[in-house]
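Start counting the sequence shown at 1; every next residue gets the next number (the working numbering).
Glycine residues also receive a C-beta, built at the ideal position from the N, C-alpha and C atoms.
All values reported here derive from a predicted model rather than from experimental measurement.
See below for the structure under consideration.
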Amino acid sequence: MLSLGGSLRSGLLQFRLLQLPVRGLCSAVIHTKSPAPVGFPSVCGLRTPVRTVSGVGSGAAGAAGDTGAEGAAGAGVSDWYGGLADSAPVHICEHFLVSVQQVSGLPWWLSIVVATLSVRTLITLPLAAYQLIIVSKVEALQVEISELAKRLRYEVSIRARERGWTDKQSRFQFQKNLRRLISQLYIRDNCHPFKASLLVWVQLPLWISISLALRNLKSGPVLDRCGLCDLAAGGTLWFPDLTAPDSTWILPVFLGLINLFIVEVFALQRLSPTRFQKLALNCIRGFSVLMVPIAASVPSSLALYWFISSLVGFSHNLLLRSPLIHKLLQLPTHRPDSPYRDLLSAFISKYCR
Numbered sequence: 001m002l003s004l005g006g007s008l009r010s011g012l013l014q015f016r017l018l019q020l021p022v023r024g025l026c027s028a029v030i031h032t033k034s035p036a037p038v039g040f041p042s043v044c045g046l047r048t049p050v051r052t053v054s055g056v057g058s059g060a061a062g063a064a065g066d067t068g069a070e071g072a073a074g075a076g077v078s079d080w081y082g083g084l085a086d087s088a089p090v091h092i093c094e095h096f097l098v099s100v101q102q103v104s105g106l107p108w109w110l111s112i113v114v115a116t117l118s119v120r121t122l123i124t125l126p127l128a129a130y131q132l133i134i135v136s137k138v139e140a141l142q143v144e145i146s147e148l149a150k151r152l153r154y155e156v157s158i159r160a161r162e163r164g165w166t167d168k169q170s171r172f173q174f175q176k177n178l179r180r181l182i183s184q185l186y187i188r189d190n191c192h193p194f195k196a197s198l199l200v201w202v203q204l205p206l207w208i209s210i211s212l213a214l215r216n217l218k219s220g221p222v223l224d225r226c227g228l229c230d231l232a233a234g235g236t237l238w239f240p241d242l243t244a245p246d247s248t249w250i251l252p253v254f255l256g257l258i259n260l261f262i263v264e265v266f267a268l269q270r271l272s273p274t275r276f277q278k279l280a281l282n283c284i285r286g287f288s289v290l291m292v293p294i295a296a297s298v299p300s301s302l303a304l305y306w307f308i309s310s311l312v313g314f315s316h317n318l319l320l321r322s323p324l325i326h327k328l329l330q331l332p333t334h335r336p337d338s339p340y341r342d343l344l345s346a347f348i349s350k351y352c353r
């Protein structure tokens, strides 16, 4: 893994440089209460009337007297949210949540927990494992890339003297051909870094869809007409009503704490973070804190889903650190034999001393 074969090493480096081509959500879920979705319950065979999102319809708009740019902007936001809340992925999530509650017969709060655990385990966990494989392959290539960069820099310096290139031209040729070499290495090992972002492109829309589905189910008419347990009576402990915000702020605070803990555990993996990485981590920390008042203003069903989703995600992150999982995935990079002990030691040394 860490060295190229003779043909690849010599063929890629002893080329003519001049002949190489250049190669170069939260506002939606805190919206005001919206009625049940159109045509939702295939479960009970009933269709609900056409809904208007946030009470903004043609009559409401006329009565309110919205005119000019302000009225148009409000209508645009309402239409955007209405289209998103009435989209096919959101309806699929609604059907899924109701089906889990019907099949299991569990109270709604426990059905939300089971549904979240199922989705995170069956969909996002395999993608997280795939992301780990891609990242490990990219890390394993760094030594080889460094070695190739040294040899390429030497080749460029020789060619620069022959051609009379300026320093700017030499840097351009070096960067252009280094990108080409790295791209060929990624193709060879099938580990382009963009593949590592697949988890985000699946997890974020899924999170938004389930959040909006719970928001739609909050209104209750569909559930009542189907004879199912209403969300208003499906809570437990200090949040018996899943359609009302958690007045105790326990769920929101727990959500903020688990998100901050995830961020700090991720930060421990970066021994020498760049300025951009530090800025990104601080932004994520700020967003984690911001989620606390947001979660306190939405229905408890949403706050519960967000908390369980973060908790399951953190558990999966710890699971993927296991040496047994690394052995099963056949990761090319060396991993510590005691990752949990090392993580605890790093956490204590950074925050408890």
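Does the Cβ of W306 have 16 or more other Cβ atoms within 10 Å, making it buried, or fewer, making it exposed? Flag for W306 reads buried.
Who pairs with F239 in a beta bridge, going by DSSP? Under the DSSP definition of a beta bridge, F239 partners with T236.
Using the three-state DSSP reduction, which class does K218 fall into: helix, strand or coil? coil
So which of A196, I262, A115, K327 has the shortest CA-CA distance to I134? A196
Figure out for me which residue from L311, R215, Y340, E139 has the closest Cα to the Cα of G359. Residue 359 cannot be examined here, being either before or after the span of the chain that is shown, 1 to 353.
W109, buried or exposed, once every other Cβ within 10 Å from all chains shown has been counted against 16: buried
If contacts are defined as beta-carbon pairs under 8 Å, then V98 and L106 qualify, I think. What distance do you get, rounded to the angstrom? The pair is not a contact, with the Cβ atoms about 12 Å apart (cut-off 8 Å).
Following the continuous alpha helix (DSSP H) through C283, name the residue where it begins and the one where it ends. 275 to 297
Where does T248 fall in DSSP's three states? coil
Restricting to Cα atoms, I'd like to know which of D230, S297, V265 is closest to I250. For the residues D230, S297, V265, the minimum Cα distance to I250 belongs to S297.
On a CA-only basis, which of Y340, H192, Q131, T166 is nearest L141? Give me that one, please. The shortest C-alpha to C-alpha distance from L141 to any of Y340, H192, Q131, T166 is the one to H192.
Bounding residues of the alpha helix (DSSP H) (the contiguous stretch that carries N190): No alpha helix (DSSP H) holds N190; DSSP gives it neither H nor E.
Name the residue from L318, I208, L237, I262 whose alpha carbon lies nearest to the alpha carbon of A85. I208
In whole angstroms, what is the alpha-carbon distance linking H95 and Q330? Rounded to the nearest angstrom, the gap between the Cα atoms of H95 and Q330 is 38 Å.
List the whole-angstrom C-beta distance separating A358 from L255, where the pair is believed to meet the contact cut-off of C-beta under 8 Å. With the chain running from 1 to 353 in the structure shown, residue 358 is simply not present.
Same chain only: Cβ atoms within 6 Å of A69, ignoring 5 sequence neighbours per side: In this prediction, A69 has a pLDDT of 46, which is less than 50 and means its spatial position is unreliable; what the coordinates show is noted afterwards. Taken in chain order, the list of residues that qualify is empty.
Nonlocal neighbours in the same chain, by C-beta distance under 8 Å from R120, ignoring five residues either side: S309, V312, G313, H316
Coarse secondary structure for Q354, derived from DSSP in three states: Any question about residue 354 goes unanswered here, given that the chain covers just 1 to 353.
Do the CB positions of K137 and D79 come within less than 7 Å of each other? no
Use the C-beta contact count for V156: other C-beta atoms within 10 angstroms, 16 or more gives buried, fewer gives exposed. buried
List the endpoints of the continuous alpha helix (DSSP H) containing L132. That run of the alpha helix (DSSP H) goes 125 to 140.
State the DSSP-derived secondary structure class of L304, mapped to helix, strand or coil. helix
Reference I145; option with closest CA among S170, L178, L198: L178
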